[in-house]
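This report concerns only the one structure given below.
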């Protein structure tokens, strides 16, 4: 048998060559290796990949894995392998749901059908996996995640836990779980990325091997860090103190709630264990677990809920239609779906934890409890806690009004419909949507799921943005100890006021999000007029609204690079309401304002950013730093806001040349982001890319390149090999390679970036221009006149086509831009000595496509004149 290292090297070569036969043989050999090592799950996944290339004997090999694993188990009379029928069941379920979506009437009802049939399917798999020595009194299966929420799709993964009566059966139950895992892998819908096979992951092949071979469908929860919500847990990972299994007694599982270190290691773990549904085994064990969960310390639970809420509103901020990303494939789950469902789950838990808790009824009392009585418990016994049910519960508890409940239900229906239509469109767990670029050709996107109704987007934002802002205010009040029972009524009034009545402000926010800046300015100005013309404009809430709108207005002017207007829009109102003090020409921070800290901190941060950018002298820089530092100090209770404000301060330090302090700030930010957002997050990539820029300014080119490579690795992990942020990070790397005249490396990275741009977008896209600009720098350095000329002709054509009807918007100041700015590096690369005839041009889009294809044909970029 081949050595593992030899197989891995052969697999890497096979991918570079694009040789499918060699890839198949490597997957087969690697599967054989893992099978001999006793790693049945990895072997099964690898055989399924080989099977995708050629079936023949591989179906027998996959079936043999289950038989081999179960050979040492005390089987029942007949071990049942019903793999083909399972595949037929899933196919039939998906066909039925596709048909129901064509005549969509009741999206809640469709999700109910999906979840009922999936749970029945799972129970059948459990039943046929049982072996002697286990009785259903010894254990209970509970489902978690989307199945527990009643919001699973026909392609969702399987998250669950097993509660045991005692520890004696743990070994047998773990084997049962492994057998269930093998049966699910044998369905052929578990990707290498889900299985997280480290040998393949280290080659960076997870994304490439998944594309076009196996689509993610019904599978075990991912084996990657941060996931692993199954009885087998994450024991395969390296960090010993962070290992867990969701298989144990009631007391074992309660440790994940009661021991604070688990919340610190993975705050999502106790959260997901709060919402569950019994499906199999001893129901009394589940009732016992539920009672224990209900009896948790209320103050600890409420503090955790606020932490979960803060993470939700900052991690899943609605950001679907960023202008630079029009035409991109957007993940519905993370851009739209997670925010409302997490908020509904958390505020339900929060307000329910404020009431008297009563233990839940036993199974004998099933059906006797009314829906309104269930409101006294954090967790209900039988009912699936769907997001729709939570809306009704919050309304019945008078936390939200009937108007707000209807708005929330409408937007939830829209989002969940988009999500389900998307996964059914792609026939896999790929809930994404495209917002087409204005000039995007129908042929390019005809196979993609597109947002065809612009009104859907506005309807979603009309609810999500006020919901996010209301929760932010609630979290701030609670975190600063200003919250009491009367605040519950304030929350109800605030969310209704902003959702129903503050239409101009919300329209402004929506158009700002859509990068329609001029329209946003109009709405914000109308909102300000509305507040100032009101007779009650001196009341505290009107002050808040005026400052809030002024901050938003200045932010829009800032994004349009109109720094003078941005400064003027904000300073006047801040002086008027004593947030700033003016003494002659000197402006300073006031300590006596009576405006809520969350608003004041936001104002100081925005003012600091503007003055830092508009700086004219050292005093301006110092005042900008003072403003942002004040915002940081006022946000100590809100780690997510503090991270954003610290990021702004780090950028001011970087731009003002205070490199030592900026370096310390970015390194500290990286630690904080990892602590609060997890190991991999786009903000970590931003920090590494800015560190790279900092080192470049100091002529520390090796360190600059190292940090740029870290940023690329983070972006690739977060966004995938085909993500747009990954292409931006690749462009960032290319700039360093070009500066150091490493043209071959630059061409390799640029080819990957151009592939992403071509595959995700239409060729007529701003990112194509960015990419081709870098190509032209390479050709200039190589004195390749022909390709340099063609690059510039392509850029000229794309620029004309994109911006003929849509005027370009200045977005270079956006702090979330992943690129090191062109002026930082490209200006250091000498201007071209190659001339381009101004009269020469490409005639059609096809001319550009032919040129791009020609560039990609020589993927290594090894031109004769470079050799």
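In the UniProt record's numbering, the protein residues as written are 1 to 867.
Built from N, CA and C at the ideal position, the CB exists for glycine as well.
Review point. What's the gap between the Cα of residue 504 and the Cα of residue 524?
Key: Rounded to whole angstroms, residue 504 to residue 524 spans 7 angstroms at the Cα level.
Point to revise | Element boundaries [beta strand (DSSP E), containing residue 281] | key: 277-281 is the span of the beta strand (DSSP E), which, as asked, contains residue 281.
Review point. With contact counted as at least three CB pairs below 8 angstroms, one residue from each stretch, are the segment 632-645 and the segment 666-682 in contact?
Key: Touching, per the Cβ criterion.
Point to revise | Given 8 angstroms, three or more beta-carbon pairs between the segment 271-287 and the segment 140-149 | key: Counting Cβ pairs under 8 angstroms, three or more are found: they touch.
Check your understanding: Counting Cβ pairs closer than 8 angstroms, one from the segment 293-300 and one from the segment 171-187, do we hit at least three?
Key -> Taking 8 angstroms as the limit for Cβ pairs, the verdict is that the segment 171-187 does not touch the segment 293-300.
Exercise for review: Over the uninterrupted beta strand (DSSP E) stretch that includes residue 160, give me the two end residues.
Suggested key: The continuous beta strand (DSSP E) containing residue 160 extends over residues 160-164.
**Study point:** Local conformation of residue 450 per DSSP, three classes
**Key:** The answer is strand: DSSP assigns residue 450 an E or B state.
Exercise for review: Give a yes or no on contact between the segment 645-663 and the segment 614-633, applying the rule of three or more CB pairs nearer than 8 angstroms.
Suggested key: Yes, the segment 645-663 is in contact with the segment 614-633.
Practice item. Please go through the same chain and pick out, in chain order, the residues whose beta-carbon is closer than 6 angstroms to the beta-carbon of residue 45, but skip the five residues on each side of it. Key: Shown here for residue 45: same chain residues with a beta carbon closer than 6 angstroms to its own, the five before and five after excluded, namely 185, 190 and 195 in chain order.
Review point. Does DSSP classify residue 248 as helix, strand or coil?
Key: When secondary structure is reduced to three states using DSSP, residue 248 falls in the strand class.
Point to revise | For residue 23, three-class secondary structure by DSSP | key: The answer is helix: DSSP assigns residue 23 an H, G or I state.
Review point. How would you write the range of the beta strand (DSSP E) that residue 561 sits in, first residue to last?
Key: Element bounds for residue 561: n/a, residue is neither H nor E.
Practice item. Over the uninterrupted alpha helix (DSSP H) stretch that includes residue 218, give me the two end residues. Key: Here residue 218 belongs to no alpha helix (DSSP H), and DSSP marks it neither H nor E.
Review point. Under 8 angstroms, do residue 417 and residue 459 count as touching if we go by C-beta distance?
Key: In this structure, residue 459 does not lie closer than 8 angstroms to residue 417 by Cβ.
Point to revise | Top-ranked residue by Cα proximity to residue 337, from 464, 256, 255 and 353 | key: Looking only at 464, 256, 255 and 353, the smallest Cα-Cα distance to residue 337 is reached by 464.
Point to revise | Residue of 352, 668 and 775 minimising C-alpha distance to residue 393 | key: Ranking 352, 668 and 775 by CA distance to the CA of residue 393 puts 352 first.
Exercise for review: Give the DSSP-derived three-state secondary structure of residue 137 in the structure shown.
Suggested key: In the three-state reduction of the DSSP assignment, residue 137 falls in the coil class, being assigned neither a helical nor a strand state.
Practice item. Give the single residue among 412, 386, 342 and 495 whose Cα lies nearest to the Cα of residue 398. Key: Of the candidates 412, 386, 342 and 495, 495 places its Cα closest to the Cα of residue 398.
Check your understanding: Taking just the CA atoms, how far does residue 432 sit from residue 717?
Key -> Approximately 18 angstroms, taken between the alpha carbons.
Check your understanding: Which residues does DSSP pair with residue 238 in a beta bridge?
Key -> Residue 238 is not bridged to any residue.
Practice item. Return the CA-CA distance between residue 697 and residue 308, expressed in angstroms with no decimal places. Key: Approximately 39 angstroms, taken between the alpha carbons.
Review point. Exposed or buried, what is residue 103 when buried is set at 16 or more other beta-carbons lying within 10 Å of its beta-carbon?
Key: Flag for residue 103 reads exposed.
Review point. My guess is that residue 603 and residue 528 are in contact by the Cβ rule of under 8 angstroms, so how many angstroms apart are they, rounded?
Key: The beta carbons of residue 603 and residue 528 sit about 14 angstroms from each other, so the pair does not count as a contact at 8 angstroms.
Practice item. With distances taken Cα to Cα, identify the nearest neighbour of residue 407 among 466, 790 and 714. Key: Of 466, 790 and 714, the residue nearest in Cα terms is 466.
Practice item. Confirm, please, whether the CB-CB distance from residue 183 to residue 125 is below 8 angstroms. Key: Yes, the Cβ-Cβ distance between residue 125 and residue 183 is below 8 angstroms.
**Study point:** Spatial distance of residue 6 from residue 109 (CA atoms)
**Key:** Distance between the alpha carbons of residue 6 and residue 109: 52 angstroms.
Practice item. Please confirm whether residue 775 and residue 750 have their CB atoms less than 8 angstroms apart. Key: For residue 775 and residue 750, yes; Cβs fall inside 8 angstroms.
Point to revise | Buried or exposed by the 16-neighbour rule on C-beta atoms within 10 Å, applied to residue 701 | key: With fewer than 16 neighbouring CB atoms inside 10 Å of its own CB, residue 701 falls in the exposed class.
Point to revise | Cut-off 6 angstroms between Cβ atoms - residues of its own chain near residue 48, not counting five sequence neighbours on either side | key: Cβ within range, chain order: 188.
Point to revise | Extent of the continuous alpha helix (DSSP H) run through residue 852 | key: Run containing residue 852: 845-857, per the alpha helix (DSSP H) assignment.
Check your understanding: What residues in its chain sit with their C-beta under 6 angstroms from that of residue 342, if we drop five residues either side in the sequence?
Key -> Hits under 6 angstroms: 312.
Point to revise | Exposure label - residue 424; buried when at least 16 CB within 10 Å | key: With 16 or more Cβ atoms within 10 Å of its Cβ, residue 424 is classed as buried.
Check your understanding: Could you give the uninterrupted runs of the alpha helix (DSSP H) lying entirely in the segment 162-197, keeping only those of 4 residues or more?
Key -> Complete alpha helix (DSSP H) runs here, min 4: 170-185 and 192-195.
Point to revise | 7 angstroms CB neighbourhood of residue 740 in its chain, flanking five on each side removed | key: Excluding sequence neighbours, residue 740 sits near 701.
**Study point:** Backbone CA spacing between residue 300 and residue 339 [nearest angstrom]
**Key:** A straight-line Cα-Cα distance of about 23 angstroms links residue 300 and residue 339.
Practice item. Could you tell me which of 600, 179, 347 and 36 sits nearest to residue 579, measuring between CA atoms? Key: For the residues 600, 179, 347 and 36, the minimum Cα distance to residue 579 belongs to 600.
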